[in-house]
Amino acid sequence: MDAYNITVVGGAGLVGREFLQLLDQYNVPVGRLRLLATARSAGKVFEFRGDRITVEETTPESFTADDHVVFLSASGAASKQYAPLAASKGSFVVDDSSAFRMDPAVPLVIPEINPEDLEWHHGIVSQPNCTTTPMVLALNPIHRVNPLKRVVVSTYQAVAGAGAAAVEGLKTESRAALEGRHEPSGTQKREIAFNAVPQIDVFDAGGYTKEEIKMANETRKILHAPNVAVSATCVRIPSFFGHAMTVWAEFERPVDAEEAKRLIAGQASVRVIDDPARELYPTPMDAAGNDEVLVGRIRSDSSLPGGLTFWTVTDSIRKGAATNVIQVIQEAARRGLVRRR
Ligand SMILES: NC(=O)c1ccc[n+]([C@@H]2O[C@H](COP(=O)([O-])OP(=O)(O)OC[C@H]3O[C@@H](n4cnc5c(N)ncnc54)[C@H](OP(=O)(O)O)[C@@H]3O)[C@@H](O)[C@H]2O)c1
């Protein structure tokens with residue numbers, strides 16, 4: 003792989019900082035690295051491979067033809083403003099926000115599932131929501147041999163999914179609550195310490211939140227399965243890292259739980275930890291800092307003959323975000339698709 007000049011917008015954030023570590027872990031050759039953020043973080047210094055990188059404030063002039071790769075992990079508004087600009091300079095842009103995920107001109111890619119969609123990128127590649135990725139990675143190997151018809155999913159999402167401020171918010175709320183005070187940090191829709199909040203993002207018509215609608219739409223786009231029915235309920239819980247979810251799935255034909263377990267275990271980037279006799283299953287703590295999607299509690303759905311239910315956990319910052327981006331860059335490089343235009 004060539005050494006690329008890489009710019010990270012949101013380089014001082016949770017995902018941006020994890021991305022730096024993963025560049026190292028995955029031995030990605032890097033030419034020049036720049037970290038951009040807002041004026042709040044401008045001047046902060048991070049170390050990368052022995053070099054000290056000073057965070058700069060993002061402006062439209064930040065984007066030049068020098069960048070081979072631009073990774074945007076800041077906000078939807080920043081992505082809408084800067085992603086087209088970076089792409090217009092010829093950079094290969096990977097966007098971590100929801101701004102372009104459902105744009106028909108932008109591929110939404112999990113390299114283990116739909117790497118071929120990279121072939122038709124026009125400069126921007128979008129990155130799925132951190133709850134969509136684990137769910138579709140676990141469903142994909144079954145869907146390949148027995149098309150997915152319907153999914154019901156309920157999530158238990160860590161505060162890290164809402165960024166660095168939300169991690170701090172849970173810490174301060176927890177300390178206060180243990181001393182008998184209720185001091186919501188404002189980083190979630192309700193006080194989150196010792197609570198569970200069934201709202202992530204804002205409500206849309208029909209009573210679903212945008213997070214829930216993202217899970218439905220992105221699943222259909224990634225699996226190339228426009229008719230799959232999805233009903234999601236997304237819940238924030240007071241864990242720091244590691245998103246969990248329970249999935250109930252129905253396929254065109256009845257699924258045998260043992261066969262499903264075998265198929266899921268064969269999916270790249272997925273590890274099955276499932277042995278009820280030994281009380282073995284993954285928890286969010288097992289997922290934290292891990293690049294795999296961990297799956298357990300795989301069993302027949304007792305409410306639906308032929309249906310399947312399982313539990314899965316993933317680090318939202320890693321495979322839910324930065325790890326997938328590294329793998330997208332590597333796959334695009336392998337296919338000669340970085341700065342193709
Ligand atoms: N956390 C996750 O699990 C996860 C998973 C998938 C996708 N994402 C997406 O990834 C993005 C970043 O998430 P995060 O968890 O890293 O958030 P974060 O910890 O809050 O960090 C956000 C970073 O973006 C910068 N930023 C915000 N607005 C900006 C703007 N207008 N121009 C330039 N930089 C800007 C911030 O700058 P300052 O440092 O100056 O404040 C900060 O460095 C979001 O779009 C999020 O939806 C997150």
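Taking the numbering used here, the leading residue of the sequence shown gets 3, the next gets one more, and so forth.
Glycine included, every Cβ here is placed at the ideal spot set by N, Cα and C.
Cβ shell of residue i (< 7 Å), same chain only, five flanking positions each side left out
i, result
"Q27", "none"
Distance CB(residue i)-CB(residue j) smaller than 8 Å
i, j, result
"V111", "V297", "no"
"Y84", "T66", "no"
"V32", "L38", "no"
"E214", "T235", "yes"
"L265", "P143", "yes"
"V161", "D98", "no"
"S156", "T221", "no"
"I319", "E20", "yes"
"T133", "M3", "no"
"W313", "A246", "yes"
"P106", "L87", "no"
Contact test: residue i Cβ vs ligand 1 heavy atom, cutoff 7 Å
i, result
"L16", "yes"
"D384", "Summary: the structure shown does not reach residue 384, with the chain confined to residues 3 through 343, and so no result is reported for it."
"C236", "no"
"L139", "no"
"A85", "no"
"V11", "yes"
"A80", "yes"
"R42", "yes"
"A167", "yes"
"D276", "no"
"S318", "yes"
Burial state of residue i (16 or more Cβ within 10 Å)
i, result
"R238", "buried"
"A397", "In this structure the chain extends from 3 to 343, so residue 397 is not present and cannot be described."
"N29", "exposed"
"H123", "buried"
"G15", "buried"
"E170", "exposed"
"H226", "exposed"
"D69", "buried"
"D206", "exposed"
"P130", "buried"
"H145", "buried"
"E121", "exposed"
Contact belief for residue i with residue j at Cβ below 8 Å, rounded distance in angstroms
i, j, result
"T9", "R51", "Not quite, the Cβ-Cβ distance comes to about 16 Å (not below 8 Å), so this is no contact."
"V295", "S271", "6 Å"
"V257", "N326", "With a Cβ gap of about 26 Å, V257 and N326 do not count as contacting."
Close-in-space but distant-in-sequence residues of the same chain around residue i (CB under 6 Å, 5 per side omitted)
i, result
"A89", "V95, G125 and I126"
"S302", "A259"
"S128", "D97, F102, R103, V108 and L110"
"T316", "P136, H245, A289, V295 and G322"
"P200", "V237"
Cβ shell of residue i (< 8 Å), same chain only, five flanking positions each side left out
i, result
"F48", "G13, A14, R19, L22, L37, R54, I55 and V57"
"I352", "Limits of the chain in this structure are 3 at one end and 343 at the other, which puts residue 352 out of reach."
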